[in-house]
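Student: Respectively, the protein sequence lines represent chains A and B. In case it helps, the numbering used here puts the first sequence at residues 1 to 379. In case it helps, the numbering used here puts the second sequence at residues 1001 to 1458. Idealized CB from N, CA, C, for every residue including glycine. Got a structure here, written out as structure tokens. Questions coming.
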Amino acid sequence: MKSLLKIFLFCGMIFSIPVITLLKEPATSSYYENRTLAVFPPFSIQAVMDGDYFSEVETYINDHLAGRNILLKLNTQKELALHNPVVNDTVISGDLLLPYHGTVLDHYNEESMAQELEMLQTLNGYCSEHDMQFLYVAIPEQSNAFRDRYPNYLSNSSYADDSLRTDFIDGLTALNIDHIQMAQYLSADYDKFYSKTDHHYNLYGAYETYLRVMGYINENYLTAPITTDLSITPTSTQFLGSRNRKLFGLFPTDDALYTYTLEKPVPFERYDNGKSVAATVFSESNQNVYGYYMGGDIAETIIRTNRPELPDVLVIGDSFTNALETILYTSFDEMRSLDFRYYTDKSIFEYLEDYHPDIILYVRDDLSYILTTGNGDLG
Amino acid sequence: MVFSSLIFLFFFLPAVLFFYYIVPQKWLAARNGVLLIFSLFFYFYGEPRLILLLFASILINYFFGLLMRSPYKKIWLTLCIILNVLMLGVYKYLNFFITTANNLFGVSVPLLNIVMPIGISFYTFQALSYVIDVYRRDAWPQKNPFSLALYISMFPQLIAGPIVRYRDVDEQLSQREHKASVFAEGIDRFVYGLAKKVLLSNVFAQIADGIFQRPADDLTFLLAWFGAAAYTLQIYYDFSGYSDMAIGLGKMFGFRFLENFNYPYISRSVTEFWRRWHMSLSTWFRDYVYIPLGGNRCSAKRHIFNLLVVWGLTGFWHGANFTFLAWGLYFGVLLIIEKYTLTKILDKLPRVITHIYALFFIIIGWVLFRSDSLSYALEYLQVMFRPSLTVDPMIVEYCLRFWPYLLGGVILSAPLYQVVARKKNFSILSYPLIAVLFVLCVMSLLTNSYNPFIYFRF
């Protein structure tokens, strides 16, 4: 009888899970892992014989197994309860969540750096020829900002030394490409400017970046108003930073998501990917995540404030641009934003043939300096 | 397909159990047919193209098995052994020999585009076991090719053992009982094996790989020992876990396979270690190589020669690399020393000393086994013999991250579980224990894509 009970329980589990897996509607993406899930592979004899088919089926099963999220969450809970300092590739250092680097690389890819600098040189030259100003804005990623907060037994960088950052900035200087190193300013108070549980800066960091960029523009290029009448306050919802999201939001934190109000709001119209959308820079449906700013990553956004006396700006970059843009538009007649991870219609040069902003801001975090894909490949 | 994968646990296993058990018990041949079809699919899943080689092995050995009652059986046996060894040699060792010849003689013979089929060492040895057992009249020739095909390709032990001798399973192929109690034992055994592999071995693999991938001159004394100890635990939980799963699966289908491990790390000598480690391989070499060579019933010189041949082959069986050969010979030499001088001394020493002695040499052996090249192994060993108290940050990291697993791994390598399992009320506790272990394994499998089986490459 005892044996039958054991058989019943075991078989009940191994039989019911596949049935539920096959019956349930497959999800397309995993919110907590922030990635798309595998789709069932098309059958072909060739794929079967090459071994690809079964391997893709296995990936599909791993991604869609019934109860997957519950079990992953339980596993995270277990590791947190065991006080594991690294859970789901996230380092837990006091109240900070940082990425785990694992094996450290001795050298960065010099070819990628050369390629990236060459592209920037071409773009900078193009801008000079066409009476546009090009400014590279270098922002420390959160893990770099808090690199001295890693436990001393863990590597605090993907590389053995800081030569990637210093060589890249030296490269920009050598090529006479205007740039601002935000580390110089944000390092004054990283705790104030950065999120504890997200890989971005917070709104204070974005605002500091805005102030420094506008200061540079006014000093070196042209006159544009600088918004200072804003008050920053935390939003009412519990913030789910990207790193805490990897931990299913199970890491207890007082980290907040911030918003601001302007004393004198600047009215505007907004277009996302060519379509008119609500005139707001905060997404109420994303109130607990960084996607709150500008509604997350969008291929092309245009904000028109209809003040033709002011200059136009084009911002290029990854999600670090989002928080910055929520304030930046207030200083310009038109602000456009391109994210080349999603924007595929034209290369930057084709885009600039049709559109002539006064200033181009190329915003990169220091983990992306030599990435040659997405916003590292402007065409 | 590996046992410790979600597709095996939740798709393959329920499917094979369902189709196997909807066939009435009295139609054992049909049940064997189900098992054979699923076993071949199991192999096809991992080696779609090289399954033909498995078919070839089955057919060759089937026909040679039938010839083992002819007057020329010795010739047929020799031919059969040559064919099997040739097949293994070409697919596993040819490129190694070419590389060695290129290095030795400064020639540049191009390497062949050969991929080693999964489990070829295991199924070739099983096939040889069949032919030799029939030759020796320890078993009858198998007239039913499907039964022989099932013996050679049965999925529980097809790709990583244990190596089941034909004489041990011959009867079970045609006559075996299916009892609920045995099936339930099989579940326990399978889940324990799965837990050994997924919860322990995979963690130790992260530690060992992290350390062994560093250049030897970048290691410190303590880190080198930590890495070697981690690999010592990894290979035990990996392989014994796989064997437990195979034995457990066998029980689910009514088969009783012989044990393959018996707490090898509690050994008090190297000789004892080899009586407890990968017993099916040791038994195979004993029965089919060592004893035919004359075993120990010969002169001391010949005995030493026999041991060196057997251990050289044992090492080389594990892989086409000088590291494996060195590992095998290293144990051969240790066994000879123990046999002729040390055993009497060891018997008089306190248990704790003999345990340390055995573990020391076992761990050193695993460094040879784990290293990618002999030169790396020697450099690594040099670091292990240059004492210093420098604590590498990696040790702190791994200890803080994996301490529960390290602790569990060390404790469970001793037969404490057996002691607990004998307690009166343990059977009640075993239900939640099995359930918790199974859920923990699935959780871990979902989290980790890092899931290599060491013995698959043999």
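Within the continuous alpha helix (DSSP H) that includes residue 78(A), where are the two ends?
Tutor: 68 to 81
Student: In whole angstroms, give me the CA-to-CA distance for residue 104(A) and residue 175(A).
Tutor: 29 Å
Student: So for residue 137(A), helix, strand or coil by DSSP?
Tutor: When secondary structure is reduced to three states using DSSP, residue 137(A) falls in the strand class.
Student: Distance cutoff 8 Å, beta carbons only. Does residue 1379(B) sit that close to anything in chain A?
Tutor: no
Student: Would residue 159(A) pass as a contact of residue 91(A) if the rule is Cβ separation under 8 Å?
Tutor: no
Student: Between residue 82(A) and chain B, is the shortest Cβ-Cβ distance under 8 Å, so that the two count as touching?
Tutor: yes
Student: Around the Cβ of residue 127(A), are there at least 16 other Cβ atoms within 10 angstroms (buried) or fewer (exposed)?
Tutor: buried
Student: Please classify residue 102(A): is it buried, with 16 or more other beta-carbons within 10 angstroms of its beta-carbon, or exposed?
Tutor: exposed
Student: Find the residues of chain B that neighbour residue 15(A), judging by a C-beta separation of less than 7 Å, and give them in chain order.
Tutor: 1014
Student: So residue 51(A) contacts chain B; which residues on that side make the cut at Cβ distance below 7 Å?
Tutor: 1048
Student: Using the three-state DSSP reduction, which class does residue 1382(B) fall into: helix, strand or coil?
Tutor: helix
Student: Does the CB of residue 1401(B) have a neighbour CB from chain A at under 8 Å?
Tutor: It does: the Cβ of residue 1401(B) has a partner Cβ on chain A nearer than 8 Å.
Student: Please report the distance separating the alpha-carbon of residue 1234(B) from that of residue 1388(B).
Tutor: 25 Å
Student: Buried or exposed: residue 35(A), going by 16 or more other Cβ atoms within 10 Å of its Cβ?
Tutor: exposed
Student: Cutting at 8 Å between CB atoms, please list the residues of its own chain near residue 17(A), excluding the five before and the five after it.
Tutor: 65, 66 and 67
Student: Does residue 1397(B) come within less than 8 Å of chain A when only Cβ atoms are used?
Tutor: Yes, residue 1397(B) lies at the interface with chain A (some Cβ there is under 8 Å from its Cβ).
Student: With 8 Å set as the bound, which would you pick, yes or no: does the beta-carbon of residue 11(A) sit closer than that to a beta-carbon of chain B?
Tutor: yes
Student: Could you tell me how far apart the beta carbons of residue 1179(B) and residue 1240(B) are, in whole angstroms, since I believe they sit closer than 8 Å?
Tutor: Contact flag wrong, Cβ pair sits at about 25 Å.
Student: Pull up the distance between the alpha-carbon of residue 1172(B) and that of residue 1151(B), whole angstroms please.
Tutor: Taking the straight line joining both Cα atoms gives about 10 Å.
Student: For residue 1155(B) and residue 1038(B), which I take to be in contact (beta-carbon distance under 8 Å), what is that distance rounded to the nearest angstrom?
Tutor: 6 Å
Student: Which word fits residue 1351(B), buried or exposed, when buried means at least 16 other C-beta atoms lie within 10 angstroms of its C-beta?
Tutor: exposed
Student: I want to verify the contact list: residues of chain B whose CB lies under 7 Å from the CB of residue 58(A), in sequence order.
Tutor: 1005 and 1007
Student: Quick one: which chain A residues come within Cβ less than 7 Å of residue 1139(B)?
Tutor: Annotation: residue 1139(B) has no Cβ neighbours in chain A at a cutoff of 7 Å; minimum Cβ distance is about 32 Å.
Student: Between residue 129(A) and residue 365(A), is the Cβ-Cβ spacing less than 8 Å?
Tutor: no
Student: Just reading off the alpha helix (DSSP H) that residue 356(A) is part of, what are its end residues?
Tutor: Taken as a continuous stretch (DSSP letters only), residue 356(A) belongs to no alpha helix (DSSP H), as it is neither H nor E.
Student: When DSSP builds the beta bridges, which residues end up paired with residue 362(A)?
Tutor: 136(A) and 316(A)
Student: Which term fits residue 385(A), buried or exposed, when burial requires 16 or more other beta carbons within 10 angstroms of its beta carbon?
Tutor: Beyond the ends of chain A as shown, which are 1 and 379, falls residue 385(A); an answer cannot be given.
Student: Just to confirm before moving on: does the CB-CB distance between residue 1440(B) and residue 1199(B) stay below 8 Å?
Tutor: In this structure, residue 1440(B) places its C-beta atom within 8 Å of the C-beta atom of residue 1199(B).
Student: Are the Cβ atoms of residue 211(A) and residue 239(A) separated by less than 8 Å?
Tutor: no
Student: Report yes or no: is there a C-beta of chain B within less than 8 Å of the C-beta of residue 7(A)?
Tutor: Yes - at least one Cβ of chain B is within 8 Å of the one on residue 7(A).
Student: In whole angstroms, what is the alpha-carbon distance linking residue 224(A) and residue 304(A)?
Tutor: 15 Å
Student: Would you decide whether residue 1069(B) is buried or exposed? Buried here means 16 or more other CB atoms lie within 10 Å of its CB.
Tutor: exposed
Student: Taking the continuous beta strand (DSSP E) assigned at residue 258(A), which residues delimit it?
Tutor: 258 to 262
Student: Grab the span of the beta strand (DSSP E) containing residue 228(A) for me, first residue to last.
Tutor: No beta strand (DSSP E) contains residue 228(A), which DSSP labels as neither H nor E.
Student: Can you give the Cα-Cα distance for residue 285(A) and residue 292(A), rounded to whole angstroms?
Tutor: Distance between the alpha carbons of residue 285(A) and residue 292(A) is about 8 Å.
Student: Beta-carbon of residue 1451(B) versus every beta-carbon of chain A: anything under 8 Å?
Tutor: Confidence at residue 1451(B) is low in this model, with a pLDDT of 45, below 50, so its placement is unreliable and no value can be given for it.
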